[in-house]
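Encoded as structure tokens, the structure appears first; notes follow it.
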Amino acid sequence: MTLESAGSSSDLCLNGLVIKPGEQVLTRLVISRLPSGTVIDIPVHVFRALEPGPTVLLMAGLHGDEVNGIETIRRLIRRQLLQPLRGTILAIPILNIYGFLNFSREVPDGKDVNRSFPGNPRGSLASRVAARFMREIMPLIDYGIDFHTGGAARANISQIRCLLHQDAETDALAEAFAAPFTLHAGLRPGSLRETAMQQGRRIIVYETGESLRLDEPGIDLGIAGTFRVLQHLGMVAEAAPPARPSVVCLRSTWLRAKYAGLFHSLVHLGQYIEKGQVFGAVADPYGETSVRLESPVAGYIIGLNHMPVVNQGDALVHVGRTDSAPSRSDLGVPFEEKPAKPQDIETEEDEEAGEAPEK
Ligand SMILES: [Zn+2]
2 MTLESAGSSS DLCLNGLVIK PGEQVLTRLV ISRLPSGTVI DIPVHVFRAL
52 EPGPTVLLMA GLHGDEVNGI ETIRRLIRRQ LLQPLRGTIL AIPILNIYGF
102 LNFSREVPDG KDVNRSFPGN PRGSLASRVA ARFMREIMPL IDYGIDFHTG
152 GAARANISQI RCLLHQDAET DALAEAFAAP FTLHAGLRPG SLRETAMQQG
202 RRIIVYETGE SLRLDEPGID LGIAGTFRVL QHLGMVAEAA PPARPSVVCL
252 RSTWLRAKYA GLFHSLVHLG QYIEKGQVFG AVADPYGETS VRLESPVAGY
302 IIGLNHMPVV NQGDALVHVG RTDSAPSRSD LGVPFEEKPA KPQDIETEED
352 EEAGEAPEK
């Protein structure tokens, strides 16, 4: 099924403006005022080709502290790379301005915009941001790439997340992006992705790195992947092919801390680990015990906790699972992040180490 794009062949109406084919516009969606009276608005760049075609959204900062996506879209704009041959590109570097100002994922009342769709114009702040997006942006778009990072000191390897093998157009977007990893991710209630899907719009999520840290390789991969998606949609003439095929993970498992203490990782992002392989250790801070942790599953390390102080139940590593072990040639690692191995952590073996998969 192909959508009839609202703005594909004629004037596009956004924020009270009429934007014609061939025009480039920066407009600001006013959301509200801070207690100080400062107006909070969301800048939206619009790049229209003369030629009709699909409308694609590039958006970041839905979680305000996830700066890699913000920087990715900023570079695309700054370098004047968003010049579609056909159709329209909407670029929103920061949706959650409040979170960006406060170095926070959420808005000031603690709510997550990405659990607040479709929102309510008279609801709480997160709900108002979502509602404004739904009114102004969602009706215009056919496809979208939503840029995120890991949260709370957990880094994600560069990966596309989407519903895999359920919708041919979504599969094609993910395949075109060709991030180092492609992960099947179910739709969460209240998320942008779920709401878009219900309206027949396809949005894939690109994750790289962690919040409040710039991940240069991941930003480069994000720009390259975006170009491949635009090429797939006939909106740019050329895009560099990926360095290697994406590793597709249809399942994933979080390994969690059974013990509180200091976490030492013995793995790096992108590494393949075998079932039973030691991936780290948790030590008490007083030098009494150290317990090594074995993985109950085989797979790739696609997410890694960088916070050494862990509580029981904290997520330590995210293992992406493929149906078969990789061949040698698949084992190229996008990140060269090699942990130093502490000398004293393999003192005691815990029979039960290795957490049960998250349900
Ligand atoms: Zn996020």
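Residue numbers 2 to 360, in this note's numbering, belong to the letters of the sequence shown in order.
Where is the CB? At the ideal position from N, CA and C, for every residue including glycine.
Among the options, nearest to residue i - alpha-carbon criterion
{"i": "Asn-97", "options": "Leu-91, Ile-146, Glu-107", "result": "Glu-107"}
{"i": "Arg-252", "options": "Arg-203, Cys-163, Pro-190, Arg-194", "result": "Cys-163"}
{"i": "His-265", "options": "Asp-216, Cys-250, Ser-291", "result": "Ser-291"}
{"i": "Pro-22", "options": "Trp-255, Arg-87, Pro-181, Val-298", "result": "Arg-87"}
{"i": "Ser-11", "options": "Gly-54, Pro-44, Arg-29, Val-31", "result": "Gly-54"}
{"i": "Ala-316", "options": "Ala-156, Glu-176, Arg-202", "result": "Ala-156"}
{"i": "Pro-44", "options": "Ile-90, Asn-69, Val-57, Ile-95", "result": "Ile-95"}
{"i": "Leu-18", "options": "Ile-138, Val-310, Gly-70", "result": "Ile-138"}
{"i": "Glu-52", "options": "Gly-65, Phe-104, Gln-84, Ser-105", "result": "Gln-84"}
Cβ-Cβ distance between residue i and residue j below 8 Å
{"i": "Leu-59", "j": "Ile-146", "result": "yes"}
{"i": "Tyr-207", "j": "Gly-226", "result": "yes"}
{"i": "Pro-243", "j": "Leu-263", "result": "no"}
Cβ-heavy atom distance, residue i to ligand 1, below 7 Å
{"i": "Asp-91", "result": "The amino acid at residue 91 is misidentified as Asp; the sequence shows Leu. No; taking the cut-off as 7 Å, the Cβ of Leu-91 has no heavy atom of ligand 1 nearer than that."}
{"i": "Gly-304", "result": "no"}
{"i": "Asp-67", "result": "It is Glu, not Asp, that sits at residue 67 in the sequence shown. Correct: Glu-67 has its Cβ closer than 7 Å to ligand 1."}
{"i": "Leu-82", "result": "no"}
{"i": "His-64", "result": "yes"}
{"i": "His-319", "result": "no"}
{"i": "His-185", "result": "no"}
{"i": "Gly-152", "result": "yes"}
{"i": "His-265", "result": "no"}
{"i": "His-149", "result": "yes"}
Straight-line gap, residue i to residue j (C-alpha atoms, nearest Å)
{"i": "Asn-312", "j": "Gln-278", "result": "22 Å"}
{"i": "Gly-333", "j": "Leu-165", "result": "Confidence at Gly-333 is low in this model, with a pLDDT of 43, below 50, so the placement of that residue should be treated as unreliable; the coordinate-derived value is given next. Their Cα atoms are separated by approximately 23 Å."}
{"i": "Ala-261", "j": "Ser-125", "result": "36 Å"}
{"i": "Glu-338", "j": "Ala-258", "result": "Note that Glu-338 has pLDDT 42, beneath the 50 cutoff, so the model's placement of it is unreliable and no number is given."}
{"i": "Leu-13", "j": "His-46", "result": "13 Å"}
{"i": "Ser-128", "j": "Arg-293", "result": "44 Å"}
{"i": "Leu-174", "j": "Gly-151", "result": "21 Å"}
{"i": "Ser-330", "j": "Arg-245", "result": "No answer about Ser-330 holds up, because its pLDDT of 45 lies below 50 and its placement is not dependable."}
{"i": "Leu-256", "j": "Ser-37", "result": "43 Å"}
{"i": "Thr-171", "j": "Ala-92", "result": "20 Å"}
{"i": "Glu-347", "j": "Lys-112", "result": "Annotation note: pLDDT 41 at Glu-347 (below 50); position unreliable, coordinate value reported separately. So the alpha carbons of these two residues sit roughly 41 Å apart."}
{"i": "Phe-336", "j": "Ala-179", "result": "Reliability of the predicted coordinates at Phe-336 is poor, the pLDDT of 38 falling under 50, and the value obtained from them is presented with this limitation in mind. Roughly 16 Å between the two C-alpha positions."}
{"i": "Val-323", "j": "Glu-176", "result": "One point to set straight first is that residue 323 is Thr, not Val, in the sequence displayed. Between Thr-323 and Glu-176, the C-alpha separation is close to 16 Å."}
{"i": "Leu-184", "j": "Gln-272", "result": "15 Å"}
{"i": "Asn-121", "j": "Val-283", "result": "44 Å"}
{"i": "Lys-276", "j": "Val-40", "result": "53 Å"}
Stretch pair the segment 298 to 307 + the segment 224 to 234: three plus CB contacts closer than 8 Å: no
Meets three-Cβ-pair contact criterion under 8 Å: the segment 129 to 144 and the segment 20 to 37: yes
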